[in-house]
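All letters in the sequence shown, in the order written, are residues 754 to 808 by the working numbering. We put the CB at the ideal spot given by N, CA and C, even for glycine.
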Amino acid sequence: MGEGTFGQVLECWDKERKEMVAIKIIRGIKKYRDAAMIEIGMLEQLGKYDESRSR
Numbered sequence: 754m755g756e757g758t759f760g761q762v763l764e765c766w767d768k769e770r771k772e773m774v775a776i777k778i779i780r781g782i783k784k785y786r787d788a789a790m791i792e793i794g795m796l797e798q799l800g801k802y803d804e805s806r807s808r
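What follows is the structure in structure tokens.
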């Protein structure tokens, strides 16, 4: 799907959900991993307010 500074995003088939999903692959550099962990935390917080559970 795309590539950027932190890594790349791939479009993949989720066998369990039977739908296409985006998978972000982060480069193995500490500052990028740290930034990814911050992003995960923010997305988890936002998910708490997603009433439709659309992810």
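Rounding to the nearest angstrom, what Cα-Cα distance links M790 and V762 in this structure?
16 Å
Report the option in E797, F759, G800 whose CA atom is closest to the CA atom of D787.
F759
Contacting residues, own chain, Cβ-Cβ under 7 Å from E764 (five flanking each side not counted):
M754, M773, A775
Give a yes or no on whether the C-beta atoms belonging to Y785 and I779 are separated by under 8 Å.
yes
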